[in-house]
Amino acid sequence: MKCPGQDSRYWKPGAIFETKCPKCGADVEFFKDDSMRRCGKCGHKFLNPGLDFGCASYCQYAEQCIGNLPPELIAQKEDLLKDRVAIEMKRYFKNDFKRIGHASRVARYAEKIGKAERGNLAVILTAAYLHDIGIKVSEHKHQSSAARYQEEEGPPVARDILEKLGAKAELIDEVCDIVGHHHHPRPEETTNFKCIYDADLLTNMEEAPKESPPDPDKLTKRVKNSFLTESGKKLAEEVLLRPAAQ
Numbered sequence: 050m051k052c053p054g055q056d057s058r059y060w061k062p063g064a065i066f067e068t069k070c071p072k073c074g075a076d077v078e079f080f081k082d083d084s085m086r087r088c089g090k091c092g093h094k095f096l097n098p099g100l101d102f103g104c105a106s107y108c109q110y111a112e113q114c115i116g117n118l119p120p121e122l123i124a125q126k127e128d129l130l131k132d133r134v135a136i137e138m139k140r141y142f143k144n145d146f147k148r149i150g151h152a153s154r155v156a157r158y159a160e161k162i163g164k165a166e167r168g169n170l171a172v173i174l175t176a177a178y179l180h181d182i183g184i185k186v187s188e189h190k191h192q193s194s195a196a197r198y199q200e201e202e203g204p205p206v207a208r209d210i211l212e213k214l215g216a217k218a219e220l221i222d223e224v225c226d227i228v229g230h231h232h233h234p235r236p237e238e239t240t241n242f243k244c245i246y247d248a249d250l251l252t253n254m255e256e257a258p259k260e261s262p263p264d265p266d267k268l269t270k271r272v273k274n275s276f277l278t279e280s281g282k283k284l285a286e287e288v289l290l291r292p293a294a295q
């Protein structure tokens with residue numbers, strides 16, 4: 050069965066319309082399911098301004114439904130995936146608000162670092178929300194939330210979530226690789242991994258018990274030597290060192 054949204058038998062008035070070419074201003078006719086059209090006057094090719102991507106923003110069969118997806122939609126798919134991963138993470142942890150809060154803070158810092166480092170935010174944010182997803186299995190199976198158990202048990206859980214959401218195979222593989230060693234950097238690491246590592250480290254340092262504040266000199270030295278990116282180090286200085294100096 051063809052998707053009703055793309056089947057012309059279900060179209061309503063306005064499904065075929067004209068819009069102005071953004072380059073020359075000429076009228077260009079669009080069908081509602083056209084992803085792009087070329088202006089007959091100047092030849093400029095542009096996105097359908099009236100196209101409701103809806104499920105096409107995340108559906109793994111979208112390419113078959115509306116043809117080759119334009120770059121704008123690909124970006125929208127990945128941005129929406131990040132939001133859906135955040136929802137699935139919260140569903141998975143249920144009432145464990147400590148873990149949900151930690152993952153959300155890591156994602157917030159990872160986004161700042163990722164933008165500054167020009168990483169792939171789809172990978173970075175997805176991995177940020179899922180980096181500790183193996184904790185529940187670790188605690189049940191090993192009676193421990195130690196890093197090595199998280200890294201061992203996390204990738205299968207992350208893969209299951211991402212496959213159900215229809216994520217691309219390349220994104221799934223990279224995210225699962227990051228989840229599988231997010232506490233242990235290799236000699237050579239990707240920018241995406243470094244952004245996650247720094248965001249997680251910063252969050253863990255920020256969440257450390259406040260009863261015994263760290264020695265200022267030791268904290269300064271740790272910030273200087275522990276982060277993998279300059280952006281992560283700079284953000285850590287803003288979050289951890291400047292408040293302590295006030």
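Under my numbering, the first residue of the sequence shown carries the number 50, and numbering increases by one thereafter.
Beta carbons are placed, not taken as given, at the ideal position from N, Cα and C, and that holds for glycine.
Looking at C-alpha atoms only, which residue of the options is the closest neighbour of residue i?
i, options, result
"D249", "V288, V224 and A152", "A152"
"A159", "R291, L290 and K283", "K283"
"G92", "P258, V155 and C73", "C73"
"P234", "P258, K139, E200 and I136", "E200"
"I227", "K217, A218 and E238", "E238"
"D145", "E219, I182, V206 and R157", "I182"
"A257", "L289, H232 and G229", "L289"
Put residue i into one of helix, strand or coil per three-state DSSP.
i, result
"F276", "coil"
"E237", "coil"
"D209", "helix"
"D226", "helix"
"D264", "coil"
"D76", "strand"
"G215", "coil"
"C91", "coil"
"P258", "coil"
"Y107", "For Y107, the predicted model reports a pLDDT of 49, less than 50, meaning its position is unreliable; a value from the coordinates is still stated below. Correct three-state label for Y107: coil."
"S194", "coil"
"D145", "coil"
"K243", "helix"
"R157", "helix"
"K164", "helix"
In the DSSP assignment, the beta strand (DSSP E) including residue i goes from what residue to what residue?
i, result
"L96", "K94 to L96"
"T68", "I65 to K69"
"R86", "M85 to R87"
At the level of alpha carbons, what is the spacing between residue i and residue j?
i, j, result
"Y107", "N169", "Annotation note: pLDDT 49 at Y107 (below 50); position unreliable, coordinate value reported separately. Roughly 18 Å between the two C-alpha positions."
"K267", "N253", "16 Å"
"K185", "K243", "25 Å"
"E286", "V77", "53 Å"
"R148", "F276", "22 Å"
"A176", "K143", "19 Å"
"Y198", "Q192", "10 Å"
"A75", "E67", "10 Å"
"M85", "L211", "29 Å"
"A135", "Y178", "6 Å"
Looking at the unbroken alpha helix (DSSP H) that takes in residue i, where does it start and where does it end?
i, result
"V186", "I184 to H191"
"V172", "L170 to L179"
"H232", "Premise fails: H232 is in no alpha helix (DSSP H) and is neither H nor E."
Assuming residue i and residue j make a contact with CB atoms under 8 Å, what is their CB distance in whole Å?
i, j, result
"D247", "I173", "D247 to I173, Cβ: 11 Å. No contact."
"T269", "E166", "Not confirmed; about 22 Å, so no contact."
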